[in-house]
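Some notes on the structure that comes next.
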Amino acid sequence: PAPVAADGLTLTARRTAVDLGGGRTGSALTYNAGCPGPTIEVQSGSTPTITVTNGLDEPTTVHWHGLVVPTDVDGQPHEAFPAGTRRAYTLPVQQRASLNFYHPHPHLRTAAQVALGLQGALIVRDAEEAALGLPAGRFEVPLVIRDANIDKQGTLTYNGRASGFLGGVPLVNGVLNPYLRVDRAHYRFRVVNAANSRVFRLAFSDGRPMTLVGTDGGLLEHAVDLSEITLGNAERLDLVLDLRGLTAPVQLVDRDSGWTLLDLRPTQADVSQTAPVLGRQLSVVERLVGPAQPSRTFSFDGMTAINGVRYQMGATSFQVQRGQVERWRFVANGNPPHPVHIHGASFQLVGRTGGRGQLFPWEGGWKDTFLLLDKESVDILIRFDLVGRYLIHCHKLEHEDAGMMLDFEVV
Ligand code: C2O
Ligand code: CU
Ligand code: CU
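Structure, rendered in structure tokens:
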């Protein structure tokens, strides 16, 4: 389905019937009867208002993961609103074109609400990106990839524990065993790992390259061809695929689970389309310049705390100065992987020691979430442009609900 405009949109969260594809129906928590909810589209520089209606039987809130917006519309746990009520979010969208990920964020209930179906993609558009002529319309395909447990009646179920949640089947855009009929053309896949805990190792079954043009915070400066990409929870990818020569089906797979995520079936139809020029500089990415030594270190050790402190709603752990570039260090000892996420700013990774010992192309550009494996130490540069209270947390949502989250204040 085509994306919907953000301004004036009402998102209704409630339990509905869902179509799981292949003639299977079921039931899930949905936004506007979809699991995922509608793909929302918004122009950079605009200030849409989205109203969320809570038709669940418990409090909820919507966090616009990837959007840098004021605290009161960031959808944080303390902003949850009760069942049967609604909340309007007016979102000043000032950032560059990017794929973002909206999902609930209520205290202690985030993991369950997301796993039971509440999630969706939000695309920001801008002129810099439009000028590139990347594949658009039906050639631009959001892929919301996750795992799920589904019972005999087709109901999504959830049995996560502090250690995590691994569903038994993949769901892509809410569909089991999905396929896409593809013409001989270029395609743009906008990928989000919407799983609570599962990390995907994406590749094509025939090893064909995926051209990475963007990450969490939008376009990279240069496209890079990759045969495999590790995607942590809530991380996003902007991929361009040249399918002009496709004669036989090819599958997007997860090399860790062995799952087929998406079957691409060629129609053999030639499409006249201007091929995107990816061999030149795609965009200008401001490079943050900051201190050589970290001013703060965050240790993700067990699964319930950061720096030994367990999240307490309303408690503020530290203060940061607005407008200053800081270097922050993240280290992990035990219970990996930890997909580290920060609200309120995008950041840049500058180094990884221990563990995998390097940064990867899909960690380039502006990021808001990155994967921290055991014994790794990762440095980032970050600058906050808005004052307010924001969060750092593990995006393995079971760790987050178990307390692996801190609240800080930008002043
Ligand atoms: Cu996508 Cu605070 O999370
Ligand atoms: Cu976020
Ligand atoms: Cu974690």
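Heads up: the sequence shown begins at 50 in UniProt numbering, then just goes up one per residue.
Think of the CB as a built atom: it goes at the ideal place given N, C-alpha and C, for glycine as much as any other residue.
Quick caveat: nothing in here was measured; it's all calculated off a predicted structure.
Inset, instruction - State yes or no: is the C-beta of arginine 135 within less than 8 Å of the C-beta of valine 111? - result: The residue given as residue 135 occupies position 86 in the sequence shown. The residue given as residue 111 occupies position 62 in the sequence shown. Not in contact: arginine 135 and valine 111 (Cβ atoms no closer than 8 Å).
Legend entry - histidine 152 beta carbon less than 8 Å from that of alanine 129: Taking the sequence shown and counting its residues from 1, the one referred to as residue 129 is at position 80. Taking the sequence shown and counting its residues from 1, the one referred to as residue 152 is at position 103. In this structure, histidine 152 does not lie closer than 8 Å to alanine 129 by Cβ.
Inset, instruction - Taking only runs that begin and end inside the UniProt domain "Plastocyanin-like" (65-177), name each unbroken alpha helix (DSSP H) of 4 or more residues, in chain order. - result: Assignment of alpha helix (DSSP H) within the UniProt domain "Plastocyanin-like" (65-177), counting only whole runs of 4 or more residues, yields 159-164 in chain order.
Inset, instruction - With hydrogens ignored, establish whether the beta-carbon of lysine 445 is closer than 7 Å to any heavy atom of ligand 5. - result: No copy of ligand 5 appears in this structure; the ligands present are ligand 1, ligand 2 and ligand 3.
Legend entry - Residue range of the alpha helix (DSSP H) that includes leucine 446: Mapped onto the sequence shown, residue 446 falls at position 397. Leucine 446 -> alpha helix (DSSP H) spans 446-451.
Inset, instruction - Could you round the C-beta distance between proline 126 and leucine 275 to whole angstroms and report it? I think they count as a contact, below 8 Å. - result: Start at 1 with the first residue of the sequence shown, and residue 126 comes out as number 77. Start at 1 with the first residue of the sequence shown, and residue 275 comes out as number 226. That pair is no contact at about 36 Å.
Inset, instruction - Note the first and the last residue of the continuous beta strand (DSSP E) segment covering tryptophan 377. - result: By one-based count along the sequence shown, residue 377 stands at place 328. For tryptophan 377, the uninterrupted beta strand (DSSP E) run begins and ends at 375-381, by DSSP.
Inset, instruction - May I have a chain-ordered list of the beta strand (DSSP E) segments no shorter than 3 residues that lie completely inside the stretch 366-438? - result: The beta strand (DSSP E) runs of length 3 or more contained entirely in the stretch 366-438 are, from start to end of the chain, 375-381, 387-391, 396-402, 418-421 and 426-431.
Legend entry - Nonlocal neighbours in the same chain, by C-beta distance under 6 Å from proline 131, ignoring five residues either side: Counted from its first residue, the sequence shown places residue 131 at position 82. Cβ within range, chain order: Pro108.
Inset, instruction - Give me the Cα-Cα distance between leucine 420 and alanine 324, rounded to the nearest whole angstrom. - result: Residue numbering aside, residue 420 sits at position 371 when the sequence shown is read from its first letter. Residue numbering aside, residue 324 sits at position 275 when the sequence shown is read from its first letter. Near 33 Å, if we compare the C-alpha coordinates of alanine 324 and leucine 420.
Inset, instruction - Below 6 Å CB to CB, which residues in the same chain sit around glycine 124 once its five sequence neighbours on both sides are set aside? - result: Reading the sequence shown from its first residue, position 75 is the one you call residue 124. Within the same chain, glycine 124 has close Cβ partners Thr110, Val111, His112 and His154.
Inset, instruction - Mark glutamine 330 as exposed unless 16 or more other C-beta atoms lie within 10 angstroms of its C-beta, in which case mark it buried. - result: On the sequence shown, residue 330 is found 281 positions in, with the first residue counted as 1. Looking at its Cβ environment, which holds fewer than 16 other Cβ atoms inside 10 Å, glutamine 330 is exposed.
Legend entry - Per DSSP, cross-strand counterpart(s) of leucine 455: Locating residue 455 in the sequence shown gives position 406, counting from the first residue. DSSP output for leucine 455 lists Ile441 as bridge partner(s).
Inset, instruction - Drop a sphere of 10 angstroms on the beta-carbon of threonine 59, count the other beta-carbons inside from all chains shown, and report buried for 16 or more, exposed for fewer. - result: Counting from 1 along the sequence shown, the entry for residue 59 is found at position 10. It counts as exposed.
Inset, instruction - Below 6 Å CB to CB, which residues in the same chain sit around threonine 65 once its five sequence neighbours on both sides are set aside? - result: Looking up residue 65 in the sequence shown gives position 16. Around threonine 65: Thr79 and Ala82.
Legend entry - When Thr264, Arg187, Asp232 and Ala164 are compared against glycine 216, the one with the closest alpha-carbon: Here residue 216 refers to the residue found at position 167 of the sequence shown. The shortest C-alpha separation from glycine 216 is found at Ala164.
Inset, instruction - Could you say if the stretch 360-375 and the stretch 432-449 meet the contact criterion of at least three C-beta pairs nearer than 8 Å? - result: Result yes; three or more Cβ-Cβ pairs closer than 8 Å.
Legend entry - Inter-residue spacing [alpha-carbon to alpha-carbon] between histidine 235 and leucine 310: Position 186 of the sequence shown, counting from 1, holds the residue named residue 235. Position 261 of the sequence shown, counting from 1, holds the residue named residue 310. Spanning the two alpha carbons is a distance of roughly 19 Å.
Legend entry - N- and C-terminal bounds of the beta strand (DSSP E) containing valine 240: Here residue 240 is taken as the residue at index 191 of the sequence shown, counted from 1. Valine 240 -> beta strand (DSSP E) spans 235-242.
Inset, instruction - For phenylalanine 349, verify whether its CB is less than 7 Å away from any heavy atom of ligand 3. - result: The count along the sequence shown starts at 1 and reaches residue 349 at position 300. Yes - ligand 3 has a heavy atom lying nearer than 7 Å to the Cβ of phenylalanine 349.
Inset, instruction - Could you tell me how far apart the beta carbons of leucine 205 and glycine 75 are, in whole angstroms, since I believe they sit closer than 8 Å? - result: Along the sequence shown, read from residue 1 onward, the residue named residue 205 stands at position 156. Along the sequence shown, read from residue 1 onward, the residue named residue 75 stands at position 26. Yes, they are in contact, since the Cβ atoms of leucine 205 and glycine 75 sit about 7 Å apart, within 8 Å.
Inset, instruction - Spell out a yes or no on whether the stretch 346-356 and the stretch 277-288 are touching, meaning 3 or more CB-CB pairs, one atom from each, closer than 8 Å. - result: Under the three-pair Cβ rule at 8 Å, the stretch 346-356 does not count as touching the stretch 277-288.
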